[in-house]
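According to the numbering used here, the sequence shown is numbered sequentially starting from 640.
Below: one structure, written as structure tokens.
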Amino acid sequence: MSDSAPEDVADRLLRIESALAHLQHDVDQLNQSLTNHFRRLQGFEERFTRIEHEIEQLGDQPESSDPVSEKPPHY
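Shown next, in the form of structure tokens:
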């Protein structure tokens, strides 16, 4: 059948399991990083929406000009 000794198969299996464990660790780290970035992005979107809303409110306010407090153009 196979010329491979049982030790070779066991060693190969051990290396595969080790590589799989390292890959799982890397995937977990990437997932955590992605989750953190997603949360930050959500925070930025919320801040942007609030700022956008505040800007819209500022644009909706009627201009109040007080002729007494305005300086003439030559000042």
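In this text, a Cβ means the ideal position worked out from N, Cα and C, and glycines have one as well.
- Task: Measure the alpha-carbon distance for S643 versus A660 and round it to whole angstroms.
- Result: 25 Å
- Message: So, at 8 Å on beta carbons, what are the nonlocal neighbours of S708 in its own chain, with the 5 sequence-adjacent residues on each side left out?
- Response: none
- Could you tell me the boundaries of the alpha helix (DSSP H) in which A658 lies? 645 to 699
- Message: Can you give me the C-alpha to C-alpha distance between I694 and A658, rounded to a whole angstrom?
- Response: If you take the alpha carbons of I694 and A658, they lie about 53 Å apart.
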